[in-house]
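J.:
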Amino acid sequence: MKKFLSFALALMLCMALTPPAAANDTLTAGEYSTVSCSWRFTAAIDTEGVLWTWGSNEYGMLGTGSEIANTATPVRVMDNVVSVVCGYEHVAAIRSDGSLWVWGNNRFGQLGNDGAGNAGKAPANYQTVPVKIMEDVAMVDCGLSYTAALKTDGSLWTWGNISGGVLGNGFTWNDNRGSAACQTVPVKIMEDVALIRCGSTHMAAIKTDGSLWTWGKNDSGQLGNGGIYNQEIKQPYPLPPSKQQTLPVKIMDRVADVWCMDDFMVIQRLDGTIWCCGQEYDSPFNDILREGTNVPVKTTMRNIASFGNLSYLTEDGTLWMWGFPVGQTTPVKVLDHVAGVSYSTNGHGHYMAVRDDNTLWGWGYNEEGQLALTQVQAWQEQRTPVKVRDGIAVSGAAPTPSVPTVAGFSDVYETDYYADAVSWAKEKGVTGGTSATTFSPDHTVTRAEAVTFLWRAAGSPQPASAVSPFADVTDSGAYYYSAVLWAAEQGITGGVGNGQFGLSAALSYDQILTMLQRAAGEATSGGDWSAAAVSWAAENGLTNGLDFTAKDSCPRSDVVYCLWKQLA
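Each residue of the sequence shown is one higher than the one before, starting from -11 at the first, in the working numbering.
#1: Could you work out which residue in V243, V175 and R257 is closest to L235 when comparing CA atoms only?
#2: Tell me the rounded alpha-carbon separation between L88 and V73.
#3: May I ask you to report which of helix, strand or coil DSSP gives D43?
#4: Only counting the same chain, and skipping five residues up and downstream in sequence, which positions put a Cβ closer than 6 Å to that of L495?
#5: What does the alpha-carbon distance come out to for the pair T318 and T189?
#6: Are there 16 or more other CB atoms within 10 angstroms of the CB of Y269, so buried, or fewer, so exposed?
#7: Within 10 angstroms of its Cβ, does T22 collect 16 or more other Cβ (buried), or is it exposed?
#8: Please check the pair W91 and V119, which I expect to be a contact at CB under 8 Å, by giving their CB distance rounded to whole angstroms.
#9: Run the CB neighbour count on L642, radius 10 Å, all protein chains shown included, and call it buried at 16 or more, exposed below.
#10: With a threshold of 8 Å on Cβ separation, who are the neighbours of V522 within its own chain once the five nearest residues in sequence on each side are excluded?
#11: Taking buried to mean at least 16 other C-beta atoms within 10 Å of its own C-beta, is Q223 buried or exposed?
#12: When you compare each of V329, F427 and G280 to S294 by their alpha carbons, which one comes out closest?
#13: So what's A341 in DSSP terms, helix, strand or just coil?
#14: Smallest Cα separation from R83: which of T41, V128, L99 and G43?
#15: Note the first and the last residue of the continuous alpha helix (DSSP H) segment covering L504.
#16: Report yes or no: do the stretch 165 to 172 and the stretch 191 to 209 share at least 3 C-beta pairs separated by less than 8 Å?
#17: Is it true that the CB of W474 sits closer than 8 Å to the CB of P449?
#18: Per the contact definition of three or more C-beta pairs closer than 8 Å, is the stretch 217 to 231 in contact with the stretch 252 to 272?
#19: Assuming A413 contacts V548 under a Cβ cut-off of 8 Å, what Cβ separation, rounded to an integer in Å, is found between them?
#20: In whole angstroms, give me the CA-to-CA distance for V455 and E510.
#21: Consider the C-beta atom of V283 and the heavy atoms of the ligand HEM; say whether any pair is separated by less than 7 Å.
#22: State the DSSP-derived secondary structure class of N274, mapped to helix, strand or coil.
#23: Tell me which same chain residues have a C-beta within less than 7 Å of the C-beta of T462, skipping the five on either side of it?
#24: What residue range is occupied by the uninterrupted alpha helix (DSSP H) comprising C550?
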């Protein structure tokens, strides 16, 4: 298949929802795709809005109506185009008026025109010139043999091959094209969608509230839903049954972007952290994906512009690659000043990158002229990027999904499980955040901060004595001084030993839970205080929904969450 990154056009900014991205292309959230490549062919939009194609024309993918088999010379297809996406053997394009046009192979109904075509013979017919499918389209994406469109009202529509449950319509269809069950006209899947991504046989959507939803084939845990599926399809021996989720399921909140690979998925959250799920043996996440995971796991990577086949693009426009065609096992820098990159695989891998000077660069296989390089013979590989064309469109980046924030903090969203706790903490004066506009939910909490939060939640009572029992608590003007003395007098904490309170030590989960247990007058004497506190918190609902171990550092989000559950 292929992937592509481009950037949003100003037209999208007038939409009520976040501008969406092109499907099966590696895009940042809410973007149009100006270049896309797939199985031995390429499509690109120039700065005048003219769409050009080149490479293989086996099923009319070039969209010219001509009978040419292939060409390394770009051919003009249509004008006023703002986005183009290539499936395996079909193409979809959005024009500036919001109309969606498709052409190419229609064997599985992936064109959405009820299986029609002007060439070939049903059910293996195809369309050699663009045909209009629908109006008011904000974004389109293509999978292996299916298509997905996001309309300006936020509704998501899919059509094509239902294999793997990838259409998200409950595995229903309206046509058997030969032996393949297909949906040959668009069907509505869900509403309030801001961005869509198509993998070969699974799909993801980010809704306007920042929630991530997935569906389709789930054999490798690529949906990130814990391996859940609602359908199992037998496969030829000795293959195991295929696990499929045929309806959308919610995965997580606060998601800014997502990229669907064949057997794994990469997620970027609003805080810039990168998560992954599924299984893959050649990626920057080998420590996670080689063993496989059916739930998203946080990686060490942060803040990327896009992720694609054997590649990723950083926010500064640097393209990194590994494997084919660079021949490296770890990511190496391939090109800089890159605005977007598209790739194809399926044994005919080639790449196209648009740089910020509107030049188009290509590398990889060229057997059908897909690189637009007449000097590179069909049997040769172009292993390094070479400029193939000038004047290719690059548009500006769009905002990520707009999720309402709470309590005046730009980093706490309504969909966060701790949102109500943060609002309560600010209202009660427990904490005003780390700045006027940030709460910093992931920041570590010190013991001094934690006992101060608890003291403030109790109404800031004055301690009976002004003399500190701890050698490291001597500054009577410090924000934590009265809080520490009060907590010691109430038996809430006795410090960390050797006459020390441990002011700057990171607070662990069992420590905050023990403080709350003792403040409630329910502490037990003797035995394992850590296990007792964790058990008490679970019985009283303080830690419902939290994923932690007792000795983990407890972040600000979970400290105020536990305080709120106990004291609000």
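Idealized CB from N, CA, C, for every residue including glycine. Owing to the predicted nature of the structure, the values given are computational and were not obtained by experimental measurement.
T.: In short, the structure shows the following:
#1: One-based indexing of the sequence shown puts residue 235 at position 247. Nearest of V243, V175 and R257 to L235, Cα basis: V175.
#2: Residue mapping note: residue 88 aligns to position 100 of the sequence shown, counting from 1. Residue mapping note: residue 73 aligns to position 85 of the sequence shown, counting from 1. Going by C-alpha positions, L88 is about 11 Å away from V73.
#3: Along the sequence shown, read from residue 1 onward, the residue named residue 43 stands at position 55. Note that residue 43 corresponds to Gly in the displayed sequence, not to Asp. Collapsing the DSSP output to three states places G43 in a strand.
#4: In the sequence shown, the residue the question calls residue 495 occupies position 507. Once the five neighbours on either side are set aside, the close Cβ partners of L495 are V433, R435, A438 and C542.
#5: In the sequence shown, counting from the first residue as 1, residue 318 sits at position 330. In the sequence shown, counting from the first residue as 1, residue 189 sits at position 201. C-alpha separation (whole angstroms): 27 Å.
#6: Locating residue 269 in the sequence shown gives position 281, where the first residue counts as 1. Around the beta-carbon of Y269, fewer than 16 other beta-carbon atoms lie within 10 Å, marking it exposed.
#7: Within the sequence shown, the letter at position 34 stands for residue 22. Buried.
#8: As a working note, residue 91 is residue 103 in the sequence shown. As a working note, residue 119 is residue 131 in the sequence shown. At roughly 7 Å, the Cβ-Cβ gap stays under 8 Å, so W91 and V119 are in contact.
#9: What is shown of the chain runs -11 to 556, which leaves residue 642 out entirely.
#10: By 1-based counting over the sequence shown, the position of residue 522 is 534. If the five residues before and after V522 are omitted, its C-beta is found closer than 8 Å to the C-beta atoms of Y497, D498, L501, T531 and A538, all from its own chain and listed in chain order.
#11: For the purposes of this step, residue 223 is identified with residue 235 of the sequence shown, where counting begins at 1. The C-beta of Q223 has fewer than 16 other C-beta atoms within 10 Å across all chains shown, which makes the residue exposed.
#12: Numbered from 1 along the sequence shown, position 306 holds the residue referred to as residue 294. Nearest of V329, F427 and G280 to S294, Cα basis: V329.
#13: For this step, residue 341 is matched to residue 353 along the sequence shown. Note: A341 maps to strand in three-state DSSP.
#14: Indexing the sequence shown from 1 puts residue 83 at position 95. Checked all of T41, V128, L99 and G43; the closest Cα to R83 is V128.
#15: Sequence index remark: in the sequence shown, residue 504 carries index 516 (1-based). That run of the alpha helix (DSSP H) goes Y497 to A507.
#16: No, the stretch 165 to 172 does not touch the stretch 191 to 209.
#17: On the sequence shown, residue 449 is found 461 positions in, with the first residue counted as 1. On the sequence shown, residue 474 is found 486 positions in, with the first residue counted as 1. Yes, they are a contact pair.
#18: Touching, no.
#19: In the sequence shown, residue 413 corresponds to position 425, counting from 1. In the sequence shown, residue 548 corresponds to position 560, counting from 1. That belief holds up - the Cβ atoms of A413 and V548 are roughly 4 Å apart, short of 8 Å.
#20: For the purposes of this step, residue 455 is taken as residue 467 along the sequence shown, with counting starting at 1. For the purposes of this step, residue 510 is taken as residue 522 along the sequence shown, with counting starting at 1. Going by C-alpha positions, V455 is about 27 Å away from E510.
#21: The model on display carries no ligand, and the ligand HEM is accordingly not part of it.
#22: As a working note, residue 274 is residue 286 in the sequence shown. The DSSP-derived three-state label of N274 is helix.
#23: Here residue 462 corresponds to residue number 474 of the sequence shown, with the count starting at 1. Excluding sequence neighbours, T462 sits near S456.
#24: Locating residue 550 in the sequence shown gives position 562, where the first residue counts as 1. Run containing C550: R544 to L555, per the alpha helix (DSSP H) assignment.
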